[in-house]
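Chains as they are written, first to last, in this note's numbering: chain U, 1 to 825; chain S, 826 to 928; chain V, 929 to 1472.
Each remark here refers to the structure printed beneath this line.
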Amino acid sequence: MVESNPYIAWIVGFPLLGAILNGFLLSWIGKLLPRGTRANLTARSTVGLIAVLCVVFPFLIALAATIRLVGGSPGREFIAVLWQWLPMADLVDRGLYHGAGLFPPAAADLSVAAGFVFDRLSAVMTLVVTGVGSLIHIYSIGYMGRDPGYRRYFTYLNLFVFSMLVLVLADNMVLMFVGWEGVGLCSYLLIGFWFDKEANAAAGKKAFVVNRIGDLGFILGILLLVGWLGAVDWNGLREAVASADPDVLSAGTVMGTSVAFLACMFLLIGAAGKSAQIPLFVWLPDAMAGPTPVSALIHAATMVTAGVYMIARLDFLFLLSPTAMAVVATVGAATALFAATIGFAQTDIKRVLAYSTISQLGYMFLAVGVGAFSAGIFHLFTHAFFKACLFLCAGSVIHAMADRQDIREMGGLRRVMPVTHWTFLVATLAIAGCPPLSGFFSKDEILWTAFSGTAILRSGLVPDFWPVVLWLAGLAAAGCTAFYMFRVYFLVFWGDSRAPQEVRSALHAPERRSAASWLWNEPHTPVSMRFVLIVLGACSAAAGLIGMPHVFHVPNLFQKWLAPSVAAFGGGGTALEEWFLMGVSVLAAVLGAWTAWTFYREYPSRQAQAVVGAAPRLYRLVLDKYRIDEAYGWSIVRPARSIAFACYEIVDRVLIDTILVTGSAYAASAAGAMFRRFQSGVIHRYAAVMAIGLAGAVLFVAKPFASVPLVERPIAFATDGGRDPATGEVLLRLAMPDAPYVYEVDAGPDGELDVDPEASPERGPSGAADTIRLCLPEGDHVVRVTARSRFEMSQTIDLAVRVEGAVPCAAGAGESGIGGGEGAP
Amino acid sequence: MLDVGLSHYLLLAAFVFTTGAVGFVWRRNAIIALVSIELMLNASNIALVAFNRYNPVDHAGQAFALFVVAIAAAEAAVGLAIIVAVYRLRRSVRTDDVDALKG
Amino acid sequence: MTSHLLTLLVALPVVAALGLLCFPRRLVRAQQVYATIASGVVFLLSLRLLKAGQVDAEGFLVAFRKQVEWIPSLGISYSVGVDGISLFLVLLTTLLTPIAILSSFRAVEDRARGFLAAFLVLESAMIGAFVALDMFLFFLFWEAMLIPMFLIIGVWGGPRRVYAAVKFFLFTMVGSALMLVAILYLAYQHSWLHGGRWTFDYFALRDVMLPLWPQMTAFLAFTLSFAIKVPMWPLHTWLPDAHVEAPTAGSVILAAVLLKMGTYGFLRFSMGLFPYAASLAGPTIAAIAVVGIIYGALVAWKQRDIKKLVAYSSVSHLGFVMLGLAAAEPRAVTGAVLQMLNHGISTGALFLLVGVLYERRHTRNMDEFGGLASVMPMYAAVFLIVTLSSIGLPGTNGFVGEFLVLFGTFQSEFLPRARWLVALAGLGIILGAVYMLGMYLRMFFGPVRNPRNEGLADIGPREIACFVPIVALVFVIGVLPGLFTGRMADSVSRACVSYEVRSRAEAHIRRHEPLDGPASYAEWVLRSRGIIASGHLPTPEAAP
């Protein structure tokens, strides 16, 4: 049930308004105001207030809309169509030609509207984006308080929220792509926010370019899908899939591959780019160059989850190709495990969190890949809280440590920063999957669905044991997650401070040691930051409660909520199995945490060094992130650079410019040098050249005339057609150039002229053919025909004539002569 | 036997023309060159008149010959004037010495 | 009045150029202001063209159509008109000329009068070439563009200006000489077909169906000429040289308008006059266009000279336009026409931006810069917007054009490997981000290393005035492309229908009958439809 509701557009509109106001409008207005009344419209407080309000308002609108969705029927959704954006109707009216079969049938009108849709799926995403977004905006007021680029920062941040909401609320694929690239742009701008360090800007560029690779996949996916299904908006696509005959759908192939599979693969490339999955994950760790709240908002809670959201949006499409689903699940599981192992050795607190994000996104891909769309979105939801919380805690730690990010330099912060410590601990427990915190429920649901193997996974081209493999990878990743997260936790908050003296002396614990001080007081963290940390910590603890598994005998609210929007596949196992698996995964988490406790309670610890010492090269490899960046550099970037070099230096410079362009110029000038000699300026030499030229011209013009064929078809002599059937005379057909002439014909060795010029009449320049009649005996003859003109020019030709058969005229009955004017043959 | 036909006139014209052409190319003296040009023009006159004699459709040949005579006279006047001017400038009428046409 | 508007637009700049003679040589600023105002008036007048009105049978606006006999014995007439395709190109010309002149106030003060006159004459010729509907007239304007541009590069250019100018001139001349021969041949065939009646009228010549090989040859002659102008790979090497040596304003007009002559000519004349040959050559042209997209992007990546980089990026971007045209799919062609406009706006703006920097530092080597974002924040912002438009970010104009081209090409019936081509062309999009953002990174980010960049002034009011309309257009086209494509739709669909009908009909006919002499399309199209309806010829599905 689709209802039009223009307020939805305001969810998107407010952040854009904020970006415009803060970006340039207020400062322009400020300049236009008369001098005396000039208010400072770009003061920090104004900027911050506008930015925060422009995210809080959409949150409130989204909340209201969500409440209205709760009340409505399950399929209820609100739409707001603003204008027709891309006109993509097939402009050619081919109706006229249809009957003739000359043209393929006209395609549907594929115009793309700037339209937004608020359904149950986008409601979840919108609430996450605006909710977490509001909190992070508030946090940023404190965090960026002293930064000179304050206004620019909030402009970008608002712009990001705008783009993200376009992505989430778009009612069609192309508009989603607008948001998709828009968030990429904002990510680029915010990663390189402190652009005076070149590394930051380079990281931004890397993120943008890697994302663009994914975006190309996305665009190709769009093109394939839209051309195939004939719709661009979600509902149209869904209906096209639903209404089409399954056999017809599966029969669609491009280049020998099923269209559904191919489109899914392209979209997966897009999703992998945005969500930092194998093989396009390399940009996310570098993206940590941006301010920490940005990492929390963009590179943990919202933007990077767009890939998961997109796949969930297009669940009906992915379900068409179980093989594609299996690929998604496998990529997800592999990424989850792979990124988690990299997290073991990293020393930069934000990088650990970045790899953790990649790993958690892997879980989400695993979920949507096995068909547990709602579990994937649920993990997205909980992850947004605990990962944002972790990042923001890291932010306040970095803030307190005077912008130091190396965990080896930290330690003992739990006494100095109690609020940060407690919220970090809660979030760490949540991500490690400690019941009953949020991460436990979402992660457990994913692992359970993967293990029990949904029908959709089994129908793909995967071996039977594959669900178990996926589960094992997920389980191992869960253990690893617990290990590296607790490693960070212990290194940062436990033990003794390892910070340099000047930093350590600046740190001091809260004054009063009371219960309230634990929850609130923290001298190094501004109020706005503490508030946000506590809210997010609470959410990470409690958010999981809305999606508890069925074995708990409570309703899974989250799954129920999403049921109308995304397909759902239940696991196939028993309740006992589910309990068992739950126990195993908790065990894995505990094991990971315990190992971290053993190794990193103190730093540097004997145990940790022993492990590192046992396999130094492996440690080095993990520390270097498996040298994936270097591998890409070798295999892709360097060859591309070499090709570019060859194109420019060899093809452009040498082949085209030197050989072709300059070469032809040299050829021309060489020819010129040769011909220049003729222009000596000496008259008689000119005359000589002229004479030679004249002679040549005469030869050229006159010679052909000298050999103008006198006889048109000499072949005619040898045939019967060349004889008069009545008299048996041989007929020669001749034609002369336009001049008065007479014929002289001598046939045979007798020495007499058979046709005497004196006797024959003068032929005028009629151009018509003449017929010479000769009476010849049987045998071979040579007939010499001479034409004489009045200018006493003559021309002679010898004709070989063979006369076969009886010759009636041989008795002299016939008279040789000339007849004419019969017209050209 | 001495039946003078068209070809005799044409041969004569060709001979005179060749003499003029060779003279023009071979000789370096500008006056001689001018005389050679006159020879060539007159050779063409012979040819024109002879053709007209043997194909007297109209009197185009004779008329052309008269034009050529007039042009030859004009040309001789201009040519001699140029030669005199060149002589004043260069103190020579040898065509080798005058290569101003090279530009 | 309106029926003379186009004539006025063509004539006014030349008249204004003559008016420059009234100014004393010393009053450079007055001359510049005068030229800006004159071209600004031309722009304002040209806005009248936007008024929607009735169109004639060929899709040209009746109100502005004008045809006057000129050399009746040869059937040459002064015939001008605008349709949805040329409309925006004319507007682009009239918009960018005042901007270019405005931008050159400080850059060209030496012999400014001649420079301004050349610019105004160039404007006339460009407008004339876009609106001419008589092949002779078109050729006249086409050649007339060459001279002022040659002078602008050769007189007011950089150190290697003569080399660049001569290269530009020769490349273009080679193509246009062949085109002239083809025009004459076509007119001759038309007179043969119509009992010796000569005409150079575009619509009359469009009806001539040439025999296969002459048609192919004439098509190639036209296309070579246009491909050089576009420029398509591998005929592009004049472009970087011309751009690098030309003064800023010259580069702007060269990139923004002159290159569009090639793509416009390809659409209007190559495809319009020889649809069958174009449909045969289409796949090859599309392939070359894709090579150009990737090649231009790769080479742009290697450049250190900003202008050269932008020049090579033009090769890449115009590859998209050619790809869309070769696809001959209405959406692709719409995208291509829009992309012509987009490229004119964003690349024109890039050259303006480079010029701003060149005026201050007299270098175009990007390694000389770095950290400019903190020195010239406004400039950096404008540069970023234009960069994003150039790499086709959604929301800016570049995306709309590129997407329509890719979308339409993907659906194209004329290119057998359309999907591969689109996928490969997509690589150009990635590389576009690589080299453009690489340049931006190098110029604007990082610390200010070069002390000479520390005191650079941000853009001033005159420069802002240049950029405001451009930046506005970047977003207007990006957000409301319907305003533009709506006006194009009718003409584009006519062009596509005519192309499809005639090329397919001719293909059908040729499959069954040898055509040795020229024929009339109108006749044969009717006949082929009759044959198809009666079942004599196989339908395309049945045909191999």
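Ideal Cβ positions, reconstructed from N, Cα and C, are used throughout, including at glycine.
Bear in mind the structure is a predicted one, so any value in this text is a computation, not a measurement.
{"query": "Simplified DSSP state of Asn1270 (chain V), which is helix, strand or coil", "result": "helix"}
{"query": "Cβ-based contacts, 7 Å cut-off: residues of the region 202-229 of chain U near chain V", "result": "Ala202, Lys205, Phe208, Val209, Arg212, Ile213, Leu216, Ile219, Leu220, Leu223, Gly227"}
{"query": "Status (buried if at least 16 other CB within 10 Å, exposed otherwise) for Tyr156 (chain U)", "result": "buried"}
{"query": "Burial state of Val841 (chain S) (16 or more Cβ within 10 Å)", "result": "buried"}
{"query": "Chain S residues whose Cβ lies nearer than 8 Å to that of Val698 (chain U)", "result": "Within chain S, no residue comes near Val698 (chain U); the closest Cβ sits about 11 Å away, beyond 8 Å."}
{"query": "Boundaries (first-last residue) of the alpha helix (DSSP H) holding Gly142 (chain U)", "result": "120-143"}
{"query": "Proximal chain V residues relative to Asp657 (chain U), where beta-carbon distance stays under 7 Å", "result": "Thr1165"}
{"query": "CB contact below 7 Å: Met674 (chain U) versus chain S", "result": "no"}
{"query": "Simplified DSSP assignment, three categories, for Gly474 (chain U)", "result": "helix"}
{"query": "Beta-carbon proximity list for Tyr1363 (chain V), same chain, < 6 Å, skipping 5 on both sides", "result": "Ala1228, Trp1229"}
{"query": "Selected residue, minimal CA-CA separation from Leu1146 (chain V), among V:Val1109, V:Ile1313, V:Asp1295", "result": "According to the sequence shown, residue 1146 (chain V) is Ala rather than Leu. Looking at the Cα atoms, V:Val1109 is the closest of the given residues."}
{"query": "Counterpart residues of Asn172 (chain U) in DSSP-defined beta bridges", "result": "U:Asp233"}
{"query": "Where Thr1413 (chain V) meets chain U, residues with beta-carbon distance less than 7 Å", "result": "Pro87"}
{"query": "Integer-rounded CB distance, given that Ala19 (chain U) should sit under 8 Å from Leu159 (chain U)", "result": "4 Å"}
{"query": "Separation of Gly1103 (chain V) from Leu1152 (chain V), as counted between CA atoms", "result": "6 Å"}
{"query": "Burial state of Ser4 (chain U) (16 or more Cβ within 10 Å)", "result": "exposed"}
{"query": "Residue-level contact to chain C via CB, Gln346 (chain U), 7 Å cutoff", "result": "Note that chain C does not occur in the displayed structure, where the protein chains are U, S and V."}
{"query": "Proximal residues to Ile1081 (chain V) (C-beta, below 7 Å), its chain only, five neighbours per side dropped", "result": "Arg1089, Ala1092, Ala1093, Phe1096, Ala1170, Glu1173, Ala1174, Gly1178"}
{"query": "Straight-line Cα distance separating Phe1248 (chain V) from Leu1408 (chain V)", "result": "21 Å"}
{"query": "Range covered by the alpha helix (DSSP H) that runs through Ala306 (chain U)", "result": "306-313"}
{"query": "Short CB-CB distance (under 7 Å) between Tyr156 (chain U) and chain V", "result": "no"}
{"query": "Unbroken beta strand (DSSP E) run spanning Tyr1006 (chain V), endpoints", "result": "1004-1008"}
{"query": "Buried/exposed call for Asp245 (chain U), threshold 16 Cβ in 10 Å", "result": "exposed"}
{"query": "Contact under 7 Å by Cβ, Trp1161 (chain V) with Phe1099 (chain V)", "result": "no"}
{"query": "Val682 (chain U) at chain S interface by Cβ criterion, 7 Å", "result": "yes"}
{"query": "Three-state class that DSSP yields for Pro709 (chain U) in the structure shown", "result": "Summary for Pro709 (chain U): the model assigns pLDDT 41, below 50, so the residue's position carries little reliability; its value from the coordinates is reported in the next sentence. Coil at Pro709 (chain U), not helix or strand."}
{"query": "C-beta atoms of Gln1143 (chain V) and Phe1202 (chain V) nearer than 7 Å", "result": "yes"}
{"query": "Of the residues V:Glu1434, V:Lys979, V:Val956, the one placed nearest Leu1411 (chain V), counting alpha carbons only", "result": "V:Lys979"}
{"query": "Closer than 8 Å at the beta carbon, the chain U residues around Ile1387 (chain V)", "result": "By Cβ distance, chain U contributes nothing, its closest Cβ being about 14 Å from Ile1387 (chain V), past 8 Å."}
{"query": "Uninterrupted beta strand (DSSP E) stretches inside the region 1300-1355 of chain V (no shorter than 3 residues)", "result": "none"}
{"query": "Burial state of Pro639 (chain U), where buried means 16 or more other Cβ atoms lie within 10 Å", "result": "exposed"}
{"query": "Interfacial residues, the region 899-922 of chain S to chain U, with Cβ spacing under 7 Å", "result": "Thr920, Asp921"}
{"query": "Val832 (chain U) burial status per 10 Å Cβ neighbour count (16 or more: buried)", "result": "Look at the range of chain U in this structure, 1 to 825, and you will see that residue 832 (chain U) is not part of it."}
{"query": "Of the residues V:Leu1253, V:Val1282, V:Gln1267, the one placed nearest Glu1341 (chain V), counting alpha carbons only", "result": "V:Leu1253"}
{"query": "Alpha-carbon spacing of Leu831 (chain U) relative to Leu317 (chain U), whole angstroms", "result": "Absent from the structure is residue 831 (chain U), since the part of chain U shown begins at 1 and ends at 825."}
{"query": "Within chain U, partners of Ser1340 (chain V) - CB distance below 8 Å", "result": "None at all; the shortest Cβ gap to chain U is about 10 Å."}
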